[in-house]
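Be aware that the sequence shown starts at 3, since it is given in the working numbering, and climbs by one per residue.
Have a look at the structure below, then the notes.
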Amino acid sequence: MGMDVYGLNPIIKEGTSKPEMPDFNQLPDEDRQAYFNAVDDYERENPGVYFRANVWWWRPLWMYITDICEGVLSEEDIEMGHSNSGYEYSADVCKVIEERLAMAIESNAHHMYERDYQKLLDELEQVECKHCNGTGTGTRNDKFVQGECNVCHGTGKTDDWRKSYPFAAEVVEDFHKFVKNSGGFKIC
3 MGMDVYGLNP IIKEGTSKPE MPDFNQLPDE DRQAYFNAVD DYERENPGVY FRANVWWWRP
63 LWMYITDICE GVLSEEDIEM GHSNSGYEYS ADVCKVIEER LAMAIESNAH HMYERDYQKL
123 LDELEQVECK HCNGTGTGTR NDKFVQGECN VCHGTGKTDD WRKSYPFAAE VVEDFHKFVK
183 NSGGFKIC
């Protein structure tokens, strides 16, 4: 699952236009790829059009945004940021998010957050494997299989689930560029 974030009124660079979607049933593979490359180029030139992040990257980014925008976002804004239901954030809210992100980037706070976040992840201890209940043997895939657990490989331990959610300062910078040019956004 991913979060597709679309600008509501993005700034469009003069001389650029979104490629029209062709009829894929009548296109050879190389022309399909050319279309997707053209869309990527358009979105790169117009960073307020679209921002994508899979759920693993989105959740820590959204938590960071809600932290630095404390008092700006409503409880509903915060909650709906974890949903890809089409919830919209106005241009006014985006302006404040953009300003807070700019301050964080200017002060290098996002890099310090990344360092501290990674330290927290690195300090997480392994947990009991839920697939074998910590025994290290057998696992369920429609039926019980004898032998070493194929999840923990016999150790009875797995990484804490929180290690699946990375954070990177670069993602903050990319989202800042998007928000600055989006004119508001919705998460789908």
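Here a beta-carbon is modelled for each residue, glycine too, at the ideal position from N, C-alpha and C.
Model, not experiment: these values are computed from the prediction.
- DSSP places Asp79 inside the alpha helix (DSSP H), whose first and last residues are 77 to 82.
- Pairing Gly50 with Gly136, the inter-Cα distance amounts to about 47 angstroms.
- Within 10 angstroms of the beta-carbon of Phe38 lie fewer than 16 other beta-carbons, which makes it exposed.
- Cβ atoms of Lys188 and Tyr8 come within 8 angstroms of each other, at about 6 angstroms.
- Taken in chain order, the whole alpha helix (DSSP H) runs of length 4 or more contained in the region 63 to 125 are 77 to 82, 93 to 108, 111 to 125.
- Beta-carbon to beta-carbon, Leu10 and Ser166 are separated by about 31 angstroms, too far to satisfy the 8 angstroms threshold.
- Membership of Lys188 in the beta strand (DSSP E) is indicated by the continuous run 187 to 189.
- Residue Pro21 holds the alpha-carbon nearest to the alpha-carbon of Ala36 among Val98, Thr160, Pro21, Ser92.
- Judged by DSSP secondary structure, Phe53 falls within the beta strand (DSSP E) whose first and last residues are 52 to 56.
- The region 78 to 86 and the region 22 to 29 do not touch, with fewer than 3 CB-CB distances between them shorter than 8 angstroms.
- For Tyr44, the enclosing alpha helix (DSSP H) starts and ends at 31 to 47.
- Sorting Val173, His178, Asp42 by C-alpha distance to the C-alpha of Trp60 places Val173 at the top.
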